[in-house]
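Q:
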Amino acid sequence: MAFQLPFSFGSGSAAKPLDSRARQSKMMDYDKPLVWVVLLLMLLGMVMVYSASISLSDARKFAAYTNNYFVVRQALFIGVSIVVGALVFRIPVATWQKMAPWLFIGTLVLLVMVLIPGLGVSVNGGRRWLNLPGLRPQPSELMKVVMVLYAADYTVRKQEYMHKLTKGFMPMALAVSFVGLLLLMEPDLGAFGVIVCIAMGILFLGGVNAIWFGGIGAMLTAIFVTIIALSKFRRERFFAYLDPWQEDNALNKAYQLTHSLIAFGRGELFGVGLGGSVEKLHYLPEAHTDFLLAVIGEELGLVGVLIVIGMFYWIIKRAFDIGRQAIAIDQTFAGLTAKGIAIWIGVQTFINMGVNLGLLPTKGLTLPLMSYGGTGVLINCIGLAILLRIDYENRILMRGGRL
């Protein structure tokens, strides 16, 4: 019969009786509020994807699809992503650190495969997906979480060289430049921008020389400006963003932006009601993906948008807090990874919301956890599962346990 000893054994000390009234630690094994916020965002996203896509089958492009096609697939994506996230949560952070360089190389190979005719799938002028049986994964999404891991591991390995240009900063800059070259060949300037922000953010947090960081930042800004200036399509889109209501712009390059702004204007404070959006009725292209926030603004109003922003703020702030805790207990890789995940989610969310609200030029980036798409939701869940694992290991170490 099982029983409990009425005393505990201490290292190098006599046995002491246990006080049954002694207070037990109230620290949970994992961050339940963070899990609930993530689940609520995904479920709200699924509802809004259904609302935004229910009328798409009326269009010739989607005539073969049923009204429920996108929401059923989104529900399947979320279910698979939760299962994969649960499996990823079981992998120790130290294992991720060991695998980081190999994951980076493997993802580079996938980015090259996208550019090979027959392997890569071209949609709306962009070749960003792999043509696999039953799947169309997007390697640029995978590179976001892989870049977080690789940059964190690189910063830890090269910590003593972070103030040296040739041994510290340049190798990472060359790696990011190669990734950027592959992404620009797809082309996917939005993903490149997010990945650059991730790498630069982690290097900055890791202690890179401030002068070089500022210089490289200025150089990257010049590169992005040059890319826009040399691309007629991007140049026209940028000037249309500056004056979206000009007639030619409103009917062409700023068409999505103007209808997004109309959607927010119709929503006012409390929205027109769930399912009541007019803009989703073939006026606003990509309403269920890149412009999902506009549908939220129209149907749920300013209140709904602020709730979504508040939940994303919670996730980002919590990720930075977890990273700070990890670094405080000498888990530098884990801490930088957690902060890198915060930068990734924060930057992509800011860009998507900025585009929807007309604060930034139109760019094809989805809203994390919410927009329609299997690869995006899956990679977001993998990143957040790693974040939860870091928090879990932090709690073990703070209790005095061992990993």
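Count the sequence shown with our numbering and you get residues 739 to 1141, in order. Just so it is clear, CB atoms sit at the ideal spot from N, CA and C, and this is done for glycine as well. Quantities reported herein were computed from a predicted structural model and do not represent experimental measurements.
Once the 5 residues before and after G1014 are set aside, which same chain residues still bring their CB inside 7 Å of it?
A: For G1014, where only same-chain residues beyond five positions count, the Cβ hits under 7 Å are E1037.
Q: Under 7 Å, do V886 and W1082 count as touching if we go by C-beta distance?
A: Yes; because the gap between Cβ atoms is below 7 Å, this pair is in contact.
Q: Which whole-angstrom value describes the C-beta separation of I1128 and I1060, a residue pair presumed to lie in contact below a C-beta threshold of 8 Å?
A: Right, the Cβ-Cβ distance comes to about 6 Å (below 8 Å), so this counts as a contact.
Q: Does the distance between the C-beta of S1109 and the nearest non-hydrogen atom of the ligand GDP fall short of 6 Å?
A: Ligands are entirely absent from the displayed structure, and the ligand GDP is therefore not among its contents.
Q: Counting only the same chain and skipping the five closest in sequence on each side, list residues whose C-beta sits under 8 Å from that of V861.
A: These residues qualify, in order along the chain: W867.
Q: Spatial neighbours of Y1021 within its chain, please: CB distance less than 7 Å, with the 5 preceding and 5 following residues excluded, ordered by chain position.
A: H997, listed in sequence order.
Q: Touch check for the segment 845-853 and the segment 911-921: three-plus C-beta pairs under 8 Å?
A: Result yes; three or more Cβ-Cβ pairs closer than 8 Å.
Q: Where S732 and Y888 are concerned, what is the direct C-alpha to C-alpha distance, given to the nearest angstrom?
A: Missing from the structure shown is residue 732; the chain here goes from 739 to 1141 and no further.
Q: Would L1152 pass as a contact of L1030 if the rule is Cβ separation under 7 Å?
A: Residue coverage of the chain in this structure runs from 739 to 1141, which leaves residue 1152 outside it and unanswerable.
Q: Whole angstroms is fine: what's the gap from Q835's alpha carbon to D891's?
A: So the two alpha carbons sit approximately 6 Å from each other.
Q: May I ask you to report which of helix, strand or coil DSSP gives W834?
A: It is helical.
Q: S795 and N805: beta carbons closer than 7 Å?
A: Yes, Cβ-Cβ distance for S795 and N805 is below 7 Å.
Q: Alpha helix (DSSP H) containing V787: first to last residue?
A: Counting along the chain, the alpha helix (DSSP H) containing V787 begins and ends at 770-791.
Q: Determine, using beta carbons only, whether W867 comes closer than 7 Å to chain C.
A: The structure shown contains no chain C; it is built from a single protein chain.
Q: Do you know offhand how far G1048's Cα is from M1108's?
A: Near 14 Å, if we compare the C-alpha coordinates of M1108 and G1048.
Q: Does the distance from the C-beta atom of M780 to that of V1033 stay below 7 Å?
A: It is not a contact, given that the beta carbons lie outside the stated cut-off.
Q: Look up R865 in the DSSP assignment and say whether it is helix, strand or coil.
A: Three-state DSSP puts R865 in a strand.
Q: Name the DSSP beta bridge partners of V859, please?
A: DSSP output for V859 lists W867 as bridge partner(s).
Q: Below 8 Å on the Cβ atoms is my contact criterion, and I expect F951 with F942 to pass it. Report the Cβ-Cβ distance as a whole number of Å.
A: Confirmed, Cβ separation roughly 6 Å.
Q: Going by C-alpha distance, which of F800, P771, R811, V883 is nearest C1119?
A: Of F800, P771, R811, V883, the residue nearest in Cα terms is V883.
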